[in-house]
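Before any comments, here is the structure.
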Amino acid sequence: MEEDLRSLLQDLESLKGCVSDRYRIGSIDEMKQRVVSIVNLTKSGATRRSKVKDMSAEVVDSNPYSRLMALQRMGIVQNYERIRDFSVAIVGIGGVGSVAAEMLTRCGIGRLLLYDYDTVELANMNRLFFRPDQVGMTKTDAAVQTLSDINPDVVLESYSLNITTVKGFEVFMESLKRRFSQKSGQNSGVDLVLSCVDNYEARMVVNQACNELGQTWMESGVSEDAVSGHIQLLVPGETACFACAPPLVVASGVDERTLKREGVCAASLPTTMGVVAGLLVQNALKYLLKFGHVSPYLGYNSLKDFFPTMEMRPNPQCSNNACIERQKEYLQTKPARDAAAKSKLEAESSKNEGPLHMDNEWNISVVDDSEMDSQNSCGVSGALPEGLIHELPTAEKDHGSLATEESKTVEDDLEELQRQLDALNAA
Amino acid sequence: MEGWDPNTKSALTQIPLLSTRAGPRDGAAWTQRLKEEYRALIAYTTMNKSHDNDWFRISAANPEGTRWSGTCWYVHNLRRYEFALQFDIPVTYPATAPEIELPQLDGKTHKMYRGGKICLTVHFKPLWARNCPRFGIAHALCLGLAPWLAAEVPILVDSGVLKHKDDESTSAES
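From first to last, the protein sequence lines are chains E and H. In terms of our numbering, the first sequence opens at residue 10 and continues consecutively. In terms of our numbering, the second sequence opens at residue 1413 and continues consecutively.
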């Protein structure tokens, strides 16, 4: 391209030599100017910044991390540079996942693992991130293309597969387990999994993997009518897992009967998806870099601009075996956790000994946050806070007698059953 | 089950329920579950044939029974429209239902996700969730795919999106 333009410049120069008309020479010079600006444009598009070895806090235009490192100077984050040690897996590179990936990339995250089985389509262009020239590429490859341009410091891994199939799940598990850096005390090679998928089946698969690995994850979702969404923190054993109770969704706040559902399976807006991606990555950054309060559940109702929050404890009768195991482990480590919390509390109270003010004329007292929170925290059977509803019904109890009868009668040989079905199929 | 037609309801009551809560990663328990799946499918197919309502063929596409394929058909205005049918048993089965795919119809209707997965969200998913682990593949066909075909095929044919295979060949010849 650049060579073509250079030879065009030479042609114009030689053309100029043959022309005597002053007016014509002027317009040829103008054309030369335009070619030169195109050359410069192609050059600027091609330059990629080189990798940066250490994050610098120096405030210069050429430092990609100066505004992030300023978080440290302002006292929001203690050690921002730690972000380079973290690996985050993002499952589902759609309207939410791709934007979350871009946010983490711009924040200078150490490593991103990207999972999706889909390709980019023109129908995706109402959302952020993907460009029309990427149509036909796998979403993960297109994401790597854009993200590596934005920040070459981030290690990117692209997995174009369906995690709900048996084979896909194996690869998913192996990739999560593989260690990248020398960090100990973890079952998994990633620090956080972000679920940005658009269906219940895939969420249940992420839940399964994270329960088995004891891996903390965050779930996100946008409603099919595109006007509400939510994020949720899931710590296996400590909080409710995704199978502990039917999934919670934010009620749209309008009469459900007036919603027209026939004809389409899903609508989407770049706004709602951008908001949810922002909430998700903000929560992820707070969790990883240890600042602020990490939300256990945060809903977003865009029609009323209402943000319901809540906490959910695990279900001791959860149908997911791995969840039950993690719950047991969590209970076993309770004494150690309590002791640690107590010593921390003591250390803090010894720091600020003595009352700040000698008299308290108005009886002002500080109320513990946890007392306030407990109002909004509920077990799986508990009532839901305003604005939240269950997406699916709970499984009805097994009819005990029926179940035992079933298992007794099915003792046939599997191959015999296969033959019977084949015979029916052939008939 | 309000709102379902009497035929579907009576068919449903005659499909044997399953009891083993096991997915493809559960070894021997999955084999037990597979036997129950076969038993339900055999009963459902037999019943369809005896009621002159045969409408699908399905068999395991791999020895583990984690991938299934076959055909299904729907009769509209006395003409039979037939489609290839396939699905994977998800790793989280039976907590989540199989996602039934009709690849030939991919991109032809709104009521479908990419890859030809039929949309089951409203009419089927709540039923599956309520009846886990008692519903199996046969129930998914009866309550998921059958109503979907009944709702979508007439619309696709009448709107001209879907052509009968005889019409397609004649138009190609002329």
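Just so it is clear, CB atoms sit at the ideal spot from N, CA and C, and this is done for glycine as well. Note that the structure is predicted; figures quoted are calculated from it, not measured.
Item, Value
"Cutoff 7 Å; reference T173 (chain E); Cβ partners in own chain excluding five residues on either side", "E210, A211 and V214"
"Whole-Å CB distance - S197 (chain E) paired with W226 (chain E), under 8 Å assumed", "S197 (chain E) to W226 (chain E), Cβ: 10 Å. No contact."
"Selection of the region 1433–1465 of chain H by Cβ proximity to chain E, strictly under 8 Å", "R1433, P1436, R1437, T1443, Q1444, L1446, K1447, E1448, Y1450, R1451, L1453, I1454, T1457, T1458 and K1461"
"Any chain E beta carbon closer than 7 Å to C1554 (chain H)", "no"
"is_contact[V1503 (chain H), chain E] using C-beta, thresh 7 Å", "yes"
"Counted within 10 angstroms of its Cβ, other Cβ atoms place M319 (chain E) as buried (16 or more) or exposed", "buried"
"contact_flag[the region 1539–1546 of chain H, the region 240–253 of chain E] where n(CB pairs < 8 Å) is 3 or more", "no"
"Proximity to V48 (chain E) [Cα-Cα], best of E:Y32, E:E400, E:L18 and E:A151", "E:L18"
"Reduced DSSP category for L113 (chain E) - H, G, I as helix; E, B as strand; rest coil", "helix"
"Distance between L24 (chain E) and V68 (chain E) (C-alpha atoms, nearest Å)", "49 Å"
"Nearest-angstrom Cβ-Cβ length linking W1480 (chain H) and I1470 (chain H), presumed shorter than 8 Å", "6 Å"
"Alpha-carbon to alpha-carbon, A98 (chain E) and T440 (chain E)", "This structure gives no information on residue 440 (chain E), because the portion of chain E shown stretches from 10 to 436."
"As assigned by DSSP and simplified to three states, the class of S71 (chain E)", "coil"
"The region 1479–1500 of chain H: positions lying closer than 9 Å to chain E by Cβ", "R1479, G1482 and D1500"
"Complete runs of the alpha helix (DSSP H) confined to the region 172–230 of chain E [at least 4 residues]", "175–186 and 209–222"
"Given P1559 (chain H) as reference, the closest of H:W1442, H:W1467, H:T1432 and H:Q1498 once Cα atoms are compared", "H:W1467"
"Residue from E:D158, E:G117 and E:E183 with nearest C-alpha to R58 (chain E)", "E:D158"
"R1433 (chain H) classed as buried or exposed, judged by whether at least 16 other C-beta atoms fall within 10 angstroms", "buried"
"Contact with chain H by Q429 (chain E), beta-carbon distance below 7 Å", "yes"
"Min CB distance T1521 (chain H) to chain E below 7 Å", "no"
"8 Å contact criterion, which V290 (chain E) and M112 (chain E) should meet: CB distance rounded", "4 Å"
"Test: A1541 (chain H) CB closer than 7 Å to a CB of chain E", "yes"
"I85 (chain E), buried or exposed, once every other Cβ within 10 Å from all chains shown has been counted against 16", "exposed"
"Contacts that A1507 (chain H) makes with chain E (C-beta to C-beta distance below 7 Å)", "M213, A252 and S328"
"Chain-ordered chain E contacts of P1538 (chain H) [CB-CB under 8 Å]", "L401 and P402"
"Simplified DSSP state of I99 (chain E), which is helix, strand or coil", "strand"
"Neighbourhood of S416 (chain E) by C-beta distance below 8 Å, restricted to the same chain and skipping five residues each side", "At S416 (chain E) the pLDDT is 48, less than 50, meaning the model places this residue with poor confidence; the figure from the coordinates comes in the next sentence. Result list for S416 (chain E): empty, nothing under 8 Å."
"Through-space distance from K60 (chain E) to L393 (chain E), alpha-carbon basis", "48 Å"
"Local conformation of W1442 (chain H) per DSSP, three classes", "helix"
"Below-7 Å beta-carbon distance, N434 (chain E) vs any chain H residue", "yes"
"Sub-7 Å separation of G396 (chain E) and A260 (chain E) beta-carbons", "yes"
"7 Å Cβ cutoff met for K52 (chain E) and L21 (chain E)", "no"
"Rounded separation between E334 (chain E) and Y306 (chain E) - CA only", "23 Å"
"Complete runs of the alpha helix (DSSP H) confined to the region 10–62 of chain E [at least 4 residues]", "11–27 and 31–55"
"Extent of the continuous alpha helix (DSSP H) to which C332 (chain E) belongs", "N330 to Q341"
"Burial state of S36 (chain E) (16 or more Cβ within 10 Å)", "exposed"
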